[in-house]
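*Asks:* I have a structure I would like to understand better, so I am pasting it below and will then ask my questions one at a time.
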Amino acid sequence: MGFGRERPARDVRRDVRHFRRVVDTVDIVQLDSVNVLARAHELPFWSRIGPHDRAARDRWLWRSGAQYEGWIHVASLSSVDVWPLLHHRRAETPVWKQIREVEESHPGYLDAVLAEIGMHGPRSIRSLDDPGERTGPWWGMPKGRLALDYLATRGDLVIHHRTPTFVAVYDLPERVIPPSAREAEVPPLEQAREQLLLRAAAAHGIGTAADLADHHRLVTRDVRPALARLVAGGLLEEVRVRGWGDEPVYRHPEAGAARSYPARTLLSPFDPLVWRRERALRLFDFHYRIEIYVPEPKRVYGYYVLPFLLGEDVVARVDLKADRQSGRLLVRSAFAEDGVDRAHVARELAAELADLGAWLEVPEVVVENRGDLASPLAAAVG
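Using our numbering, read the sequence shown as starting at -17 and increasing by one per residue.
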């Protein structure tokens, strides 16, 4: 997934070519609003191409017409080529319970939101004429947010861009999705599944039926016939992988083993390499769970924990926070995986943290005393 080659040299200016290479490699870039370190979509680019212009990357992601944001894996960005392949999902969107309640209490509200955006252009919830009010502290979304999210899930709206504070701004599909994708022939459902599975296999190289289905959040039992057809047609290979049990594994014909893995990088919790935790366990013997929603006293490793990939192994994990006000990159905890050379890992991780901190404009790395790697890491940071 993009780690079989070195990052560009420090003096190489990263541009659209590099951004496109990342998207072409991973296929899907997951989004998340948590910003304790950086937004989720930023880190897969850091992991594969290193420091780059963050604003230029976001302009290309949302404004170039090459990608679109939608419910793809979860909330994600992917090539506009995927738009016709997910037509069936959008068309089969059920009416949400909350939407029925909105329409019962405010008849015609969804049509009014569509008409407002059609007439006046892109709108966020904050700029709607009648956004409504939150009805509860957690999931009590205002009617405007519900309407925008539902209409986007159904394909009547598309997210046009994100503001610097990550607020979604919506517009009509005909003003966001290029005609080449919007007017493309929609394949029958089974053919769409086949094409989505091929994209997943190209991104992951190898995976079980569940791994490949999860890429676009398809149902595993629904994709097995499509996988069988792809194998019969020579578009995928069915193989066995030692240690993965008896379940069939599917390999993309163009997936080849790199001669070396020069990776030295931290991975987002939402990076495609580790977002399916069962696959991360099979690939790296790495048991990984995100603990954002775990009460602090029950967290094992920390709030926002990133795996550290060194070569072809995950060798450590660190809980990071960017303290932007003080310009410090805080390492809240640092844990080594079993059997690694901790001194070597600490040196490599210290170098990675220094580079990451410089890119995020929090250049002072501060290691707190939690975890079995904290002491050697603090010494390596100096």
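Glycine included, every Cβ here is placed at the ideal spot set by N, Cα and C.
Would Ile54 pass as a contact of Ser60 if the rule is Cβ separation under 8 angstroms?
*Replies:* Residue numbering aside, residue 54 sits at position 72 when the sequence shown is read from its first letter. Residue numbering aside, residue 60 sits at position 78 when the sequence shown is read from its first letter. It is a contact, given that the beta carbons lie within the stated cut-off.
*Asks:* Below 7 angstroms, is the gap between the Cβ of Val16 and the nearest heavy atom of the ligand ATP?
*Replies:* Summarising the ligand content, the structure contains no ligands, and the ligand ATP is consequently not present.
*Asks:* Contact between the segment 243 to 262 and the segment 185 to 205: three or more CB pairs below 8 angstroms?
*Replies:* Result yes; three or more Cβ-Cβ pairs closer than 8 angstroms.
*Asks:* Under a Cβ-count criterion, where at least 16 other Cβ atoms within 10 Å of its own Cβ denotes burial, should Ser308 be classed as buried or exposed?
*Replies:* Along the sequence shown, one-based indexing puts residue 308 at 326. Ser308 comes out exposed.
*Asks:* Residues in the same chain with beta-carbon distance under 8 angstroms from Val205, minus the five sequence neighbours each way, listed in chain order, please.
*Replies:* Indexing the sequence shown from 1 puts residue 205 at position 223. Excluding sequence neighbours, Val205 sits near Arg175, Leu179, Ala191, Leu194, Ala195.
*Asks:* For the beta strand (DSSP E) that Ile381 lies in, which residues bound it at each end?
*Replies:* Limits of the chain in this structure are -17 at one end and 364 at the other, which puts residue 381 out of reach.
*Asks:* Which partner residues of Phe317 appear in the DSSP bridge assignment?
*Replies:* For this step, residue 317 is matched to residue 335 along the sequence shown. Answer is Arg299, bridged to Phe317.
*Asks:* Out of Pro161, Ala318, Pro(-10), point me to the one whose CA is closest to Ala298's CA.
*Replies:* Residue mapping note: residue 298 aligns to position 316 of the sequence shown, counting from 1. When only C-alpha atoms are compared, the closest one is Ala318.
*Asks:* For Thr202, which residues of its own chain have a beta-carbon under 7 angstroms away from its beta-carbon, when the five flanking residues on both sides are left out?
*Replies:* The sequence position of residue 202 within the sequence shown is 220, counting from 1. Counting only Cβ-Cβ distances below 7 angstroms, and skipping sequence neighbours, we find Ala191, Ala192, Ala195.
*Asks:* Along the alpha helix (DSSP H) that carries Gly339, what are the first and last residues, could you check?
*Replies:* Here residue 339 refers to the residue found at position 357 when the sequence shown is read from its first residue. That run of the alpha helix (DSSP H) goes 324 to 341.
*Asks:* What separation, rounded to the nearest whole angstrom, lies between the Cα atoms of Glu334 and Leu248?
*Replies:* Counted from its first residue, the sequence shown places residue 334 at position 352. Counted from its first residue, the sequence shown places residue 248 at position 266. Straight-line Cα distance between these residues: approximately 8 angstroms.
*Asks:* With a cut-off of 8 angstroms, do at least 3 Cβ pairs link the segment 88 to 106 to the segment 35 to 45?
*Replies:* These segments do not touch.
*Asks:* Applying the criterion that 16 or more other CB atoms from any shown protein chain within 10 Å of the CB defines a buried residue, is Ala356 buried or exposed?
*Replies:* Here the question's residue 356 lines up with position 374 in the sequence shown. That one is buried.
*Asks:* Reducing DSSP to helix, strand and coil, say where Trp28 ends up.
*Replies:* In the sequence shown, the residue the question calls residue 28 occupies position 46. If DSSP states are grouped into helix, strand and coil, Trp28 belongs with the helices.
*Asks:* In whole angstroms, what separates the C-alpha of Pro345 from that of Asn351?
*Replies:* Within the sequence shown, residue 345 is the residue found at index 363, counting from 1. Within the sequence shown, residue 351 is the residue found at index 369, counting from 1. Approximately 19 angstroms between the Cα atoms of the pair.
*Asks:* Ends of the alpha helix (DSSP H) at Ala94?
*Replies:* For the purposes of this step, residue 94 is taken as residue 112 along the sequence shown, with counting starting at 1. Segment 91 to 102, the alpha helix (DSSP H) holding Ala94.
*Asks:* Kindly indicate which three-state DSSP category Phe290 falls into: helix, strand or coil?
*Replies:* If you number the sequence shown from 1, residue 290 lands on position 308. In this structure, Phe290 counts as strand in the three-state DSSP scheme.
*Asks:* Given Val4, which residues of its chain have a CB within under 7 angstroms of its CB, disregarding the five upstream and five downstream residues?
*Replies:* Here residue 4 refers to the residue found at position 22 of the sequence shown. Closer than 7 angstroms at the Cβ level, and outside the excluded window around Val4, lie Gly(-16), Pro26, Phe27, Arg30, Ile31.
*Asks:* Using three-state DSSP, classify Glu115 as helix, strand or coil.
*Replies:* Residue numbering aside, residue 115 sits at position 133 when the sequence shown is read from its first letter. Note: Glu115 maps to coil in three-state DSSP.
*Asks:* Going by DSSP in three states, Val64 sits in which element: helix, strand or coil?
*Replies:* Start at 1 with the first residue of the sequence shown, and residue 64 comes out as number 82. Three-state result, Val64: helix.
*Asks:* Quick check: the Cα distance between Val140 and Glu165, rounded to an integer number of angstroms?
*Replies:* Position 158 of the sequence shown holds residue 140. Position 183 of the sequence shown holds residue 165. Computed Cα separation, rounded: 15 angstroms.
*Asks:* Ignore the nearest five residues each way along the sequence and tell me which others in Arg264's own chain have a CB closer than 6 angstroms to its CB.
*Replies:* For the purposes of this step, residue 264 is taken as the residue at position 282 of the sequence shown. Cβ within range, chain order: Trp226.
*Asks:* Just to confirm the assignment, what range does the beta strand (DSSP E) spanning Trp53 have?
*Replies:* On the sequence shown, position 71 is the one that residue 53 refers to. Counting along the chain, the beta strand (DSSP E) containing Trp53 begins and ends at 49 to 53.
*Asks:* Going by Cα to Cα distance, which pick from Leu291, Leu311, Gly293, Val287 is closest to Asp301?
*Replies:* Numbered from 1 along the sequence shown, position 319 holds the residue referred to as residue 301. Per the Cα distances, Val287.
*Asks:* Between which residues of its own chain and Ile81 is the CB-CB distance below 7 angstroms, once the five residues before and five after are set aside?
*Replies:* For the purposes of this step, residue 81 is taken as residue 99 along the sequence shown, with counting starting at 1. Leu128, Tyr132.
*Asks:* Thinking C-beta only, is Glu98 closer than 8 angstroms to Arg105?
*Replies:* Here the question's residue 105 lines up with position 123 in the sequence shown. Here the question's residue 98 lines up with position 116 in the sequence shown. In contact: Arg105 and Glu98 (Cβ atoms closer than 8 angstroms).
*Asks:* Name the DSSP bridge partner or partners of Glu220?
*Replies:* Here residue 220 refers to the residue found at position 238 when the sequence shown is read from its first residue. Paired residues: Tyr232.
*Asks:* Relative to the alpha-carbon of Val348, which residue among Ala183, His34, Val363 has its alpha-carbon at the smallest distance?
*Replies:* Within the sequence shown, numbered from 1, the residue matching residue 348 stands at position 366. The residue with the shortest Cα to Cα distance from Val348 is Val363.
*Asks:* Given this structure, state the Cα-to-Cα distance separating Trp44 from Arg144, to the nearest angstrom.
*Replies:* Here the question's residue 44 lines up with position 62 in the sequence shown. Here the question's residue 144 lines up with position 162 in the sequence shown. Straight-line Cα distance between these residues: approximately 8 angstroms.
*Asks:* Helix, strand or coil, according to DSSP, for Gly126 in the structure here?
*Replies:* As a working mapping, residue 126 is identified with position 144 in the sequence shown. Residue state, collapsed to three classes: helix.
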